[in-house]
Amino acid sequence: MLNPVTFSSTKLGTRLLVLGGVHGNEICGPAAIEQILARFNSGEIKMETGRVTFVPVCNPRAYAENKRFIDRNLNRAMAKRAVPKMYEEFLMNELTPLLEDCDVLLDIHSYRAGGPAFAFRGDDHLRDREEPFIAALGLDHVIYGWSEAYAASGVKIDPIESVGTTEYARQNGAIATTVECGQHLDASAVPVAIRAIEGALNQCGLAKVPVPAAHKTMRRTRIKQLVYKQRHGQFAQAWKHLDEIAKDTIVASFDDGEQIKAPFSGRIVLPHADCPVGQEWFYLGVDET
Ligand SMILES: [Zn+2]
Numbered sequence: 274m275l276n277p278v279t280f281s282s283t284k285l286g287t288r289l290l291v292l293g294g295v296h297g298n299e300i301c302g303p304a305a306i307e308q309i310l311a312r313f314n315s316g317e318i319k320m321e322t323g324r325v326t327f328v329p330v331c332n333p334r335a336y337a338e339n340k341r342f343i344d345r346n347l348n349r350a351m352a353k354r355a356v357p358k359m360y361e362e363f364l365m366n367e368l369t370p371l372l373e374d375c376d377v378l379l380d381i382h383s384y385r386a387g388g389p390a391f392a393f394r395g396d397d398h399l400r401d402r403e404e405p406f407i408a409a410l411g412l413d414h415v416i417y418g419w420s421e422a423y424a425a426s427g428v429k430i431d432p433i434e435s436v437g438t439t440e441y442a443r444q445n446g447a448i449a450t451t452v453e454c455g456q457h458l459d460a461s462a463v464p465v466a467i468r469a470i471e472g473a474l475n476q477c478g479l480a481k482v483p484v485p486a487a488h489k490t491m492r493r494t495r496i497k498q499l500v501y502k503q504r505h506g507q508f509a510q511a512w513k514h515l516d517e518i519a520k521d522t523i524v525a526s527f528d529d530g531e532q533i534k535a536p537f538s539g540r541i542v543l544p545h546a547d548c549p550v551g552q553e554w555f556y557l558g559v560d561e562t
């Protein structure tokens with residue numbers, strides 16, 4: 274069971290949804306939301322218009338066990354299921370009504386490979402809606418191209434597999450972003466998450482919260498390719514998120530000797546060194562202006 278917490282104004286306004294712990298081992302979202310909830314409960318933050326709903330921990334069992342998920346990734350194949358079987362499918366049946374009932378979604382995550390905070394935005398037609406929102410969250414790096422890279426991956430997948438929280442919310446007209454606040458255990462990830470929530474409350478006009486000025490420039494990286502770990506193998510070196518990779522560099526090799534080389538010069542995005550077989554191993558992207 275999820276435990277959403279909602280604060281409303283009597284004045285109509287934007288409906289903001291803030292999610293933490295979609296992946297149970299990503300603890301900065303739950304920690305940041307708890308601190309923000311305390312500030313609401315003490316009266317320090319007051320609603321002026323609209324409504325905000327927080328779900329501090331979207332995957333409670335995985336959070337309790339410090340795991341990414343129990344039966345399946347909660348951030349893939351997001352859909353209602355008439356007959357849920359896996360644990361996360363029961364959670365999806367609770368999450369999807371919340372995702373349908375928001376104008377703006379802020380989904381707070383962290384990641385394995387060390388590196389800076391960034392946000393994902395949707396496809397290019399959403400650039401003008403979502404990048405100003407991401408800037409207002411205090412972030413200065415946006416990564417995009419996800420759905421095109423997914424479609425080009427060449428791996429046969431369930432057509433709704435690529436639908437996560439943000440894609441589901443966008444299907445219902447919302448502005449949505451996934452914020453990756455830093456490495457899972459990075460102490461600075463919690464302040465990044467708090468700044469993002471404060472920025473969302475301000476930008477949506479829900480509450481006035483003093484925040485530092487937004488960055489003036491946004492770094493932008495387009496994901497061009499995603500690579501699944503189709504069988505056992507390992508990285509050619511200990512890649513870090515956003516390491517530069519020249520064309521034809523060996524990125525990884527399978528245990529049968531087959532090598533994966535970079536098809537273009539760019540950056541490795543979210544490398545997952547101990548990725549289980551069958552999951553996303555790494556992405557390759559290029560910077561854009
Ligand atoms: Zn995550």
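Everything in the sequence shown is counted per our numbering, starting at 274 for the first residue and increasing by one. C-beta: ideal position from N, C-alpha, C; glycine also.
With a contact defined as Cβ atoms closer than 8 Å, phenylalanine 342 and proline 277 miss out at about 20 Å. Counting only residues of its own chain and dropping the five nearest sequence neighbours on each side, alanine 447 has a CB closer than 7 Å to the CB of Cys375, Asp376, Val377 and Leu378. Set against 7 Å, the gap from the CB of glutamate 299 to the closest heavy atom of ligand 1 is smaller. Annotation for leucine 410: no alpha helix (DSSP H) segment contains it, and DSSP assigns it neither H nor E. Classified as buried, aspartate 380 has 16 or more neighbouring CB atoms from the shown chains inside 10 Å of its CB. Between tryptophan 419 and the set Glu362, Gln498, Lys353 and Ile309, the nearest pair of CA atoms involves Gln498.
If you look at arginine 443, you'll find it in the alpha helix (DSSP H) that goes 438-444.
Beta-bridge partners assigned by DSSP to tyrosine 556: Leu499 and Val542. At the C-beta level, histidine 296 and histidine 382 come within 8 Å of one another. Per DSSP, glutamate 471 is one residue of the alpha helix (DSSP H) stretching across 462-476. Membership of phenylalanine 363 in the alpha helix (DSSP H) is indicated by the continuous run 360-373. In this structure, DSSP gives phenylalanine 342 a state outside helix and strand, which the three-state scheme calls coil. By the neighbour-count criterion, in which a residue is buried when 16 or more other Cβ atoms sit within 10 angstroms of its Cβ, glutamate 403 is buried. Leaving aside the five residues that flank serine 538 on each side, the residues in its chain whose CB is nearer than 6 Å to its CB run, in chain order, Ala519 and Lys520. If you ignore the 5 residues before and after tyrosine 423, its C-beta comes within less than 6 Å of the C-beta of Ser435, all in its own chain and listed in chain order. By the Cβ rule, the region 458-468 does not count as touching the region 355-363, because fewer than three pairs are nearer than 8 Å.
The closest CA to that of alanine 425, considering only Thr279, Arg288, Leu371 and Tyr556, is found on Tyr556. Per DSSP, the unbroken alpha helix (DSSP H) holding isoleucine 306 starts and ends at 301-314. DSSP places glutamate 434 in the coil class of the three-state scheme, outside both helix and strand. Sixteen is the threshold: since fewer than 16 other Cβ atoms of the shown chains lie within 10 Å of the Cβ of asparagine 339, the residue is exposed. For alanine 335, the enclosing alpha helix (DSSP H) stretches over residues 333-337. Relative to ligand 1, the beta carbon of valine 330 is positioned no closer than 7 Å to any heavy atom. Check the Cα spacing between histidine 398 and each of Phe391, Glu421 and Leu410: the tightest is with Glu421.
Under the three-state reduction of DSSP output, leucine 399 falls in the helix class. Secondary structure note for alanine 449: its beta strand (DSSP E) is the uninterrupted segment 448-456.
As a beta-bridge residue in DSSP terms, arginine 492 pairs with His414.
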